[in-house]
Amino acid sequence: MPKRHRSIRSRGSRRFSSWRLFQSRFKFKKRIRRLALAVTVVVAVLLTLGAYNFLKLFLSPLDSAAGSSFQNTSSWDGKMPLSILFLEVSDLEASSSPTQNLGVFSLNSTQGLFTFLSLPTSYSNLRELYGLGEISAAVGGVGVVADKVRGILGVPVDEYVIVDSEGLGQLGRIFPQVQSLQDLFVLENILKIPEVWGIARNSIRTSLDIPSILKVVWYLMHVRSDKIDQLILAPELLADSIELDRKLSPFFKDEHLVEEHLKIQVLNGSGESGVARWAARVVRNIGGEVIRVDNFDRQDLVRGYLFLESSGSYTASRLARIFNVSDSRPPREGSEARADITIVLGSENSFEGD
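According to UniProt numbering, the sequence shown is numbered sequentially starting from 1.
Here it is in structure tokens:
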């Protein structure tokens, strides 16, 4: 039987075809790698631009309203309790817009609490105060309302948020299924943040700066559901300050201040009656120990100050923030030396009571 001889040409052709196939595959893989690199670069650029525009959007602060009652220059540290006045008004642009809803958000970080106090706008002319303040008061409508709410409730009011009815309605349509705080922080709703921020810029005024807003959001994301309360305050309760204090003080008690257990006295140097008594009520409602309430030897002070042996205590920092007092002095001999901290109040630290 004759032997078969393989063609040299045939074997060479196959080797050549294999080499071409190898080259083709190499070029294909190279193109894939180049394409992947290009996609990576594009995605990185888009992410960078997106992050830049995102930060540019959010680092532009929201507009604020006039109000000398809110002069804290520092951001909320997330450690001290924070109370935020909430107002819903008919129209932010109107000169005498009535108040539709009024309340106070309390973020008590020392107890992990989040509480909303709802006040009836029919009580003590609260419905009309914002509009009247916008027309006639130097502190603006929000300043007038804040002073009144402080006086009625006997609790701190540190910041404010005002929203108009149209903006609140738009937010309700964006989040139709939200029933609780936890519902807000699902991915579907988080992706709506740019849209919400656009509404906020047109329909919301606040004294909170961007870092404080982010800390508030972070706090709300982590508050436990059993630590959330809403208190609807009836007019009869608001008229009874003793019963009101008994009901509110557990929600506003500052555990850090209680732990320091410093003795506090409150002196009125404003020339206006009732200022020291009101301030002492606030101090007691947050857990402070007030040992004396009296008049100061001067009655013409505009800005108040603190007498204390040494700065650095948490209690002194908290009281300075609540009463907008930035100056501190060593105590003199006599009445100022009776307490660990003495608050001296001027006319800028006085608020209208009920």
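By construction, the Cβ of each residue, glycine as well, lies at the ideal position given by its N, Cα and C atoms.
Note that the coordinates shown come from a computational prediction; the quantities given were computed from them, not determined experimentally.
Nearest to residue i (by Cα), restricted to the options the options
{"i": "Trp-197", "options": "Leu-237, Gln-177, Val-163 and Gly-141", "result": "Val-163"}
{"i": "Glu-260", "options": "Gly-346, Gly-288 and Asp-226", "result": "Gly-288"}
{"i": "Val-157", "options": "Ser-122, Ser-165, Asn-189 and Phe-105", "result": "Phe-105"}
{"i": "Asp-229", "options": "Phe-114, Asp-77 and Ser-90", "result": "Phe-114"}
{"i": "Ser-165", "options": "Ser-273, Ile-190, Ser-203 and Leu-126", "result": "Ser-203"}
{"i": "Arg-246", "options": "Asn-349, Val-282, Val-89 and Asn-125", "result": "Val-282"}
{"i": "Asp-77", "options": "Ser-347, Ser-95, Leu-92 and Arg-318", "result": "Arg-318"}
{"i": "Leu-257", "options": "Met-221, Val-290 and Ser-207", "result": "Val-290"}
{"i": "Arg-127", "options": "Pro-211, Leu-102, Gly-140 and Arg-150", "result": "Leu-102"}
{"i": "Phe-252", "options": "Arg-277, Asn-285 and Leu-244", "result": "Asn-285"}
{"i": "Glu-309", "options": "Pro-176, Ser-90, Ile-264 and Leu-85", "result": "Ile-264"}
{"i": "Arg-150", "options": "Phe-86, Trp-218, Gln-299 and Val-186", "result": "Phe-86"}
{"i": "Asn-349", "options": "Ile-213, Ile-193 and Gly-143", "result": "Gly-143"}
{"i": "Glu-134", "options": "Thr-110, Pro-98 and Ser-313", "result": "Pro-98"}
{"i": "Glu-255", "options": "Lys-215, Glu-88 and Gln-111", "result": "Gln-111"}
{"i": "Asp-147", "options": "Val-275, Ile-213 and Ala-320", "result": "Val-275"}
{"i": "Gly-346", "options": "Pro-331, Ser-118, Gln-177 and Asn-324", "result": "Asn-324"}
{"i": "Leu-231", "options": "Leu-267, Gly-141, Ile-242 and Ser-249", "result": "Ser-249"}
{"i": "residue 364", "options": "Val-145, Thr-342 and Thr-315", "result": "Absent from the structure is residue 364, since the part of the chain shown begins at 1 and ends at 354."}
{"i": "Ile-190", "options": "Asp-209, Met-221 and Gly-167", "result": "Met-221"}
{"i": "Gly-167", "options": "Glu-93, Leu-244 and Val-302", "result": "Glu-93"}
{"i": "Ser-207", "options": "Glu-236, Ile-174, Val-161 and Val-186", "result": "Val-161"}
{"i": "Asp-294", "options": "Phe-116, Val-186 and Leu-267", "result": "Leu-267"}
{"i": "Lys-215", "options": "Asp-91, Gln-100 and Ser-109", "result": "Ser-109"}
{"i": "Leu-237", "options": "Ser-83, Leu-82 and Tyr-123", "result": "Tyr-123"}
{"i": "Ala-279", "options": "Ile-322, Leu-262, Asp-300 and Ile-242", "result": "Ile-322"}
{"i": "Asp-91", "options": "Phe-116, Leu-117, Gly-141 and Leu-82", "result": "Gly-141"}
{"i": "Leu-306", "options": "Glu-272, Ala-320, Gln-100 and Pro-194", "result": "Ala-320"}
Residues bridged to residue i [DSSP beta-bridge criterion]
{"i": "Leu-85", "result": "Val-104 and Tyr-160"}
{"i": "Val-344", "result": "Leu-267 and Tyr-305"}
{"i": "Asn-295", "result": "Asn-268"}
{"i": "Thr-99", "result": "Val-89"}
{"i": "Ser-328", "result": "Leu-306"}
Cβ-based burial, residue i [other Cβ within 10 Å; buried from 16]
{"i": "Glu-159", "result": "buried"}
{"i": "Asp-340", "result": "buried"}
{"i": "Ser-270", "result": "buried"}
{"i": "Met-80", "result": "buried"}
{"i": "Ile-152", "result": "buried"}
{"i": "Asp-226", "result": "exposed"}
{"i": "Thr-40", "result": "Reliability fails at Thr-40, whose pLDDT of 48 lies under 50, so the model's placement of it is uncertain and the value that follows must be treated cautiously. Result: exposed."}
{"i": "Val-42", "result": "The predicted position of Val-42 is uncertain, since its pLDDT is 48 and thus under 50; a value taken from the coordinates is nonetheless stated next. Classification of Val-42: exposed, given that the 10 Å Cβ count is below 16."}
{"i": "Lys-192", "result": "exposed"}
{"i": "Arg-205", "result": "buried"}
{"i": "Ala-239", "result": "exposed"}
{"i": "Ser-74", "result": "exposed"}
{"i": "Trp-218", "result": "exposed"}
{"i": "Ser-212", "result": "buried"}
{"i": "Leu-233", "result": "buried"}
{"i": "Ser-95", "result": "exposed"}
{"i": "Gly-172", "result": "exposed"}
{"i": "Arg-329", "result": "exposed"}
{"i": "Gly-169", "result": "exposed"}
{"i": "Leu-107", "result": "buried"}
{"i": "Ile-174", "result": "exposed"}
{"i": "Val-186", "result": "exposed"}
{"i": "Gly-312", "result": "exposed"}
{"i": "Ile-242", "result": "exposed"}
{"i": "Ser-83", "result": "buried"}
{"i": "Val-302", "result": "exposed"}
Alpha helix (DSSP H) segment containing residue i, residue limits
{"i": "Ile-286", "result": "No alpha helix (DSSP H) holds Ile-286; DSSP gives it neither H nor E."}
{"i": "Leu-113", "result": "Unbroken run through Leu-113 is the beta strand (DSSP E), 113-119; no alpha helix (DSSP H)."}
{"i": "Thr-315", "result": "314-322"}
{"i": "Leu-191", "result": "From DSSP, Leu-191 is part of no alpha helix (DSSP H); its letter is neither H nor E."}
{"i": "Ser-165", "result": "165-174"}
{"i": "His-256", "result": "255-260"}
Contact with chain C by residue i, beta-carbon distance below 8 angstroms
{"i": "Glu-93", "result": "In the displayed structure, chain C is absent; only one protein chain is listed."}
- Query: Hey, which unbroken runs of the beta strand (DSSP E) at 3 residues or more fall wholly within the segment 203-247?
  - Reply: Counting only runs of 3+ residues, the beta strand (DSSP E) found wholly inside the segment 203-247 occupies 204-206 and 228-232, in chain order.
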